[in-house]
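Going by our numbering, the sequence shown opens with residue 26, and the numbers climb by one from there.
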Amino acid sequence: MIYTNSDGGSRGNPGQGAIGVLVRENESIITMHSEKIGNVTNNIAEYRSLIKALELASKHTKTELTCFLDSELVVKQLLGKYRVKNKKLLQLFLEVQRLQENFKKIKYIHVRRNDNFQQIVDSLLNTELDKK
26 MIYTNSDGGS
36 RGNPGQGAIG
46 VLVRENESII
56 TMHSEKIGNV
66 TNNIAEYRSL
76 IKALELASKH
86 TKTELTCFLD
96 SELVVKQLLG
106 KYRVKNKKLL
116 QLFLEVQRLQ
126 ENFKKIKYIH
136 VRRNDNFQQI
146 VDSLLNTELD
156 KK
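In structure tokens, the structure reads:
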């Protein structure tokens, strides 16, 4: 089974943003990615990290995928529990919907920041933000 962990953040809200992503098969990390993404809000960064996770995961599976995020807002929007009111977030939400078509089944799960894999992606994005 393939899993992703993704995290996005900004220093300031909006502020300089970055993402951290990993794709794994069970407990073994297949690939990791991080990058600065410009001046964004935290929520935009969270969506951008999930989009990158879906793009990377599609290279490793077309069947089942489970995505772990620490953004409760993004997870609840994707599960239909919250509406997406912000126009910029709606564009990213629709991009996620488009990318979901690459998989037969996809699950989104909210995890706490103390999750081991979530700490890795948080560290990846903070390393990007610390770069000059």
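Built from N, CA and C at the ideal position, the CB exists for glycine as well.
These numbers come from a predicted model, not from an experiment.
Coil, strand or helix - F118 by DSSP = Looking at F118 - three-state DSSP - the assignment turns out to be helix.
Have a look at N111 and A70 and give me their C-alpha separation to the nearest angstrom.
-> Distance between the alpha carbons of N111 and A70 is about 14 Å.
Might you give, ordered along the chain, the residues of its own chain that have their beta carbon closer than 6 Å to the beta carbon of Q143, omitting 5 neighbours on each side?
-> These residues qualify, in order along the chain: N30, D95, V136.
3 or more residues per run - each beta strand (DSSP E) lying fully within the segment 49-96 = Runs of the beta strand (DSSP E) inside the segment 49-96: 53-65, 89-94.
Report the three-state DSSP secondary structure of R36 (helix, strand or coil).
-> In the structure shown, the three-state DSSP call for R36 is strand.
How long is the line joining the alpha carbons of I44 and E97, rounded to whole angstroms?
-> The alpha-carbon atoms of I44 and E97 are separated by roughly 16 Å.
Looking only at C-alpha atoms, which of V99, S53, E52 sits nearest to L75?
-> Per the Cα distances, V99.
Rounded to whole angstroms, how far is the Cβ of E60 from the Cβ of E153, which I believe are closer than 8 Å?
-> Right, their Cβ atoms sit about 6 Å apart.
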